[in-house]
Amino acid sequence: MKSKNIVTAILLAFVVVSVAVLIVRESRSPVEPNSSTQSVAAPETVSASGAVVLKDETKSTLPSASAQAAKLPVETGSSPAETNNAKPANSSRVTENVPALPKVVVYYFHGNTRCVTCKKIENFAKSAIDNGFAAELKTGQIQFRAVNVEEPNNEHYVQDYQLVTRSVVLSRIQNDKQDAWKNLDQVWTLVRDPEAFQRYVVNETKQLLGGS
Numbered sequence: 002m003k004s005k006n007i008v009t010a011i012l013l014a015f016v017v018v019s020v021a022v023l024i025v026r027e028s029r030s031p032v033e034p035n036s037s038t039q040s041v042a043a044p045e046t047v048s049a050s051g052a053v054v055l056k057d058e059t060k061s062t063l064p065s066a067s068a069q070a071a072k073l074p075v076e077t078g079s080s081p082a083e084t085n086n087a088k089p090a091n092s093s094r095v096t097e098n099v100p101a102l103p104k105v106v107v108y109y110f111h112g113n114t115r116c117v118t119c120k121k122i123e124n125f126a127k128s129a130i131d132n133g134f135a136a137e138l139k140t141g142q143i144q145f146r147a148v149n150v151e152e153p154n155n156e157h158y159v160q161d162y163q164l165v166t167r168s169v170v171l172s173r174i175q176n177d178k179q180d181a182w183k184n185l186d187q188v189w190t191l192v193r194d195p196e197a198f199q200r201y202v203v204n205e206t207k208q209l210l211g212g213s
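In the numbering used here, the protein residues as written are 2 to 213.
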């Protein structure tokens, strides 16, 4: 009977001790935080001095002002419509063909034999052109030429201008072609009056140069 009571007491004591051990373990174990309130530890970086620096993970991820400005379209001085309507330079420029100015060739035609009067006619005619058309002589608009019609290459002038004696002939050239000419047949009657002779040559040359 005594042995039965002893065994029972031992079992009860074992149960009590086991329960006590469980209670102590439960009281010492850490309480796990709720997942909904669990905080995330900020990552750490180590500075050059060795101090631990927490990196702020809550920094805004919005693009910076400079990045936003870079994405904005850049405005130019003109709109696309203005650019399309712009006309290329010189698109409507028309090249005009300006006719060349007429020029007059003053010929004095002579032969191999030259008398005193023939030489006077040549000298008076050349003097009239030199004094009356100095600017035109420089530009080539007026030319003076003494031509010997008895030379083989010049014989055609006799037929071209119907020459019968020593003569002063005006030939107007327009666009590299002769379009008018005139034989100044009064030089023989005016040879004794040099001033009248020169006025006659100058006036006739001006008229032909002007187109009349």
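Ideal Cβ placement from N, Cα and C applies to all residues, glycine included.
- Message: For a quick check, are the C-beta atoms of N113 and E151 less than 8 Å apart?
- Response: yes
- Exposure label - Q163; buried when at least 16 CB within 10 Å: exposed
- Query: If you run the structure through DSSP and keep just helix, strand and coil, what is V202?
  - Reply: helix
- Message: Quick check on the burial criterion: 16 or more other C-beta atoms within 10 angstroms. Buried or exposed for R193?
- Response: exposed
- Item | Residue from D180, K178, E137, A126 with nearest C-alpha to R200 | A126
- Please classify V17: does DSSP put it in a helix, a strand, or coil? helix
- Shortest alpha-carbon distance to Y108 belongs to which of G141, F145, V165, V20? F145
- Message: Just to confirm my understanding: we take F15, look at its own chain, exclude 5 residues before and 5 after, and list those with CB closer than 6 Å. What are they?
- Response: none
- Are the Cβ atoms of K183 and L210 separated by less than 8 Å? no
- Query: DSSP state of F125, grouped into three classes?
  - Reply: Note: F125 maps to helix in three-state DSSP.
- Message: Please list the terminal residues of the continuous beta strand (DSSP E) segment that includes Q160.
- Response: First-last for Q160: 157-161, but that is the alpha helix (DSSP H), not the beta strand (DSSP E).
- Item | Which residues DSSP lists as bridging W182, in chain order | S172
- Which of the three DSSP states, helix, strand or coil, is assigned to R167? coil
- Could you give the distance in angstroms between the alpha-carbon of Y158 and the alpha-carbon of V170? 10 Å
- Message: For D180 and L138, what's the separation of their Cα atoms in angstroms?
- Response: 20 Å
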